[in-house]
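Taking it in order: structure first as structure tokens, then the write-up.
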Amino acid sequence: GAFGRFCQHRRVAKVASARAPFVRVMTSPVAAGQGLPVVTVTKIIDHSHLNADGMLSLSTLLKWMDITACLAAELHCRKMSVTISMDEVSFPAEEYGKVAVGQALLLRGQVNNAFNTSMEVGVLVTSEALGTGATATVCLAFFIFVAIDESGGKARVEPVVPVTFEEQHEFALAAERRKVRIKRRQVEKTMASRLLPSPPVSPVTLRSSAVRSSQFGSTSAARTSRRSWVGARAQETLQSMDTTQLVLPHHANHHGNTFGGQIMAWMAEFASILSSRQAKASLAGGRPAGAVQVHIEAIDALHFISPSKTGDRISLHGHVTRVFGTSMEVEISVRAYDVAGGQESARHINNGFLVVQVLGGDGQPLALRPSRADMTGDDPESRPRHEAAASREAVRALRRQMGSLQVHTSAILPSYYLHCGQRAVALLLRHVRGCGSRGLPCRRAP
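What follows is the structure, given as structure tokens:
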């Protein structure tokens, strides 16, 4: 009954406040109308939103997600806001491939927490069959936005006040995710300053099934991969390439800068081309009969460093950092320069890591020959990048083991530690600290 639910709520709130002091304020009475700000954007899928493989274009979806997150952030702070980063997003091929023409796509953005000048916004994407009303979760992502004032500087953001237990849960976990992001940035800066080859990486000690999952996907795929790539001729180097885009007026956002969703769209398209080239060399046992397609399975971390504007040239440099048993990691670095300054004036504006799968005609991942450090070529940064990719994959495996990259349809904006709480966050935080000596990300910022 109601009394039982009240007692349960008090018990959970007491445990949460004991683990995290900042949760205590959430048990006090709150005024009517308070809660985590929420914005919902709806779209109808038509043929123009599909890619060549008949699936929803990831470039289009990323634009919609960035718009939704921006609307939620600006609803809360009532100031212009800009995207700083996006992480913790996965696009499972099985669920993602079910999005069809004629379905409605619902994007729900919620401000989970506010930190002085920044906000975490969760965006949950679900599809709905209009004829039957059946719904399915497509993906979940976390964005970080910073509010800016009239002069272009950072503006202070009012705190959010969660009301329901679900909102309190998201509020607390957003604060823990922030700790992980801060520690990861510290590790990145440390390793970027060193940029020295390190000993071979030993992934974090996980359950043996989690390690096998990170290296070879499923157990059956692991057997296939081991049988087919042993003794096969490996590719000489990991693929890399460059491309340039021009920022046109319709690529600008309402601030006059290049739309962050457009930058993400260019990165996704570029990663698809680059990974397709790598797949031709890395497919174990040769190219199979039938259609082969690449699918961006996840975006590990994507950072916006500085803005660009209409008329700028956007230069993207991408390279495959490592090939695993059923996937590969692609790093893309983005620079911007104007026509007067030329490439000599190029400034670093964006960096991101994307995880790509190669799918067969049946939609199942194909086995790939894992790369080796001697495939990295003459670039002195390639070997450290190859080793760093193993650490990032170990972190992703740990998050998968804890349910971080799974999409739970039973909760509203479920966080990636829904089932294991703050102890799991602390475990990941300890591992991120430990990656400092193993070269987590080790690319020098240009």
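Each position in the sequence shown, counted from 1, maps to that position plus 244 in our numbering.
Just so you know, even glycine gets a beta-carbon here, dropped at the ideal spot from N, CA and C.
Query	Result
Own chain partners of Leu319 with C-beta closer than 7 Å, once the 5 adjacent residues on each side are dropped	Pro281, Val283
Supposed close pair Gly596, Met511 - CB separation, criterion 8 Å	6 Å
Cα-Cα separation, Thr286 to Val369	10 Å
Within the segment 501-578, ranges of the alpha helix (DSSP H) (whole runs, at least 4 residues)	504-526
Rounded Cβ spacing between Val382 and Tyr340 (contact assumed at less than 8 Å)	6 Å
Closer than 8 Å to chain B by CB, Phe386	Among the protein chains of the structure shown there is no chain B, as only one such chain exists.
Extent of the continuous alpha helix (DSSP H) to which Glu339 belongs	337-340
Span separating the alpha-carbon of Lys427 from that of Glu372	38 Å
Alpha helix (DSSP H) runs wholly inside the segment 311-358, at least 4 long, in chain order	337-340
Counterpart residues of Glu372 in DSSP-defined beta bridges	Ala348, Thr379
Exposed unless 16 or more other CB atoms sit within 10 angstroms - verdict on Asn356	buried
Run of the beta strand (DSSP E) containing His592, from where it starts to where it stops	591-603
Contacts around Arg352, its chain only, beta-carbon distance under 6 Å, and the 5 residues preceding and following it disregarded	Thr284, Leu368
CB of Glu573 within 8 Å of CB of Glu637, strictly	yes
Per-residue DSSP class, three states only, for Pro406	coil
Identified DSSP bridge partners for Lys287	Leu349
Sequence-distant residues of the same chain with beta carbon closer than 8 Å to Phe503, five excluded per side	Lys307, Asp310, His495, Ala496, Asn497
Inter-residue Cα distance where the pair is Leu294 and Arg613	30 Å
Candidates Gly604, Asp582, Gln601, Leu518, of which the one nearest Gly562 by Cα	Leu518
Rounded C-alpha distance that separates Val197 from Ser571	Here the chain covers residues 245 to 690 and nothing more, so residue 197 does not appear.
Alpha-carbon to alpha-carbon, Ser520 and Gln537	8 Å
Pairwise C-alpha distance: Val345 and Thr376	14 Å
Straight-line Cα distance separating Cys314 from Ile507	15 Å
CB contact flag (Val602, Ala515, <8 Å)	no
Where Asp618 falls, given that 16 or more other Cβ within 10 Å makes a residue buried	exposed
Proximity of Leu300 and Ile289 at Cβ, strictly below 8 Å	yes
Cβ contact check for the segment 322-337 and the segment 389-399: 3 or more pairs under 8 Å	yes
Spatial neighbours of Glu414 in its chain, beta-carbon cut-off 8 Å, leaving aside the 5 residues before and after	Leu280, Gln354, Asn356, Asn357, Gly366, Pro406, Leu657, Ser659
Rounded C-alpha distance that separates Asn594 from Arg557	13 Å
C-beta atoms of Asp331 and Ala634 nearer than 8 Å	no
Residue span of the beta strand (DSSP E) that contains Ser484, given as start and end	484-490
Asn360 beta carbon less than 8 Å from that of Val424	no
Cα-Cα separation, Arg640 to Ile576	18 Å
Reference His291, options Gln347, Pro336, Thr312, closest by Cα	Gln347
Residues sharing a beta bridge with Leu294, DSSP	Leu300
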